Amino acid sequence: MTKVIEHTSRGKWSRSGVPHKGWTCVGVDDLEEPSQECEMCESVDIRYVHYMEHPDHSDILAVGCVCAENMEKDYVRPREREMGMRRIARRRKSWAERDWRVSQLGNPFLNSEGFNLIVFERGDGFSITVSRRGADRRQVGKKCYPSQDQAKAAALGALMWAKSHL
Ligand SMILES: [Zn+2]
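Letter 151 of the sequence shown, counting from 1, is numbered 156 in my numbering, and no numbers are missing.
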């Protein structure tokens, strides 16, 4: 864990033509495990990716939090993005551990945060219905998932959507 020392002299940090500041984050991603080398310092494997863009650099670089901080010269926002990704990852993990019940029609369902989520078979796959409990508002998902488990995992997204739309 001494990697942070002289972090900004490694990889592209010491390559000419690569700007050291003025980068903007244009997106983030969670690779679910450290599986890709930071494209800036080229010395750490990263799980949470910050995609960085610069007007004087043709490529978008996929970098880790420490490099993102230095590239943006901002030591607050990259950390917040990182924490947001960690929060979502934790949420996804605990969501995957939840027990679904089976409705009278034989469909798996889950009640969470005042909403009712149902996974049902449609065509060759599975779709999701979400409704606010005790209300008429309901949304049937347009997406079809190849397996029931994939639909259950995607139901978290449906719940998030429902919380702001239903
Ligand atoms: Zn780095």
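Note that the Cβ used here is the ideal one computed from N, Cα and C, for glycine as well.
Keep in mind the model is a prediction, meaning the values are calculated, not measured.
| Asked | Found |
| --- | --- |
| Proximity winner among Y53, V33, G32, relative to S40 (alpha-carbon distances) | Y53 |
| Contact the segment 110-126 vs the segment 55-70: 3+ CB pairs below 8 Å | no |
| Whole-angstrom C-beta distance between L171 and R142, which should lie under 8 Å | 5 Å |
| First and last residue of the uninterrupted beta strand (DSSP E) at R127 | 120-127 |
| C-alpha distance - I133 paired with K157, whole-angstrom precision | 8 Å |
| Touching by the beta-carbon criterion (3+ pairs, under 8 Å), the segment 47-64 and the segment 22-36 | yes |
| Heavy atom of ligand 1 within 7 Å of R57 beta-carbon | Per the sequence shown, the amino acid found at residue 57 is Met instead of Arg. Every heavy atom of ligand 1 is 7 Å or more from the Cβ of M57, so no. |
| Bridge-paired residues (DSSP) for L66 | M57 |
| Whether L164 touches E102 by CB criterion (8 Å) | no |
| Integer-rounded CB distance, given that E47 should sit under 8 Å from G16 | 3 Å |
| Residues bridged to G16 [DSSP beta-bridge criterion] | G16 pairs with nothing; no bridge assigned. |
| Whole-angstrom distance between N116 and D35, CA atom to CA atom | 27 Å |
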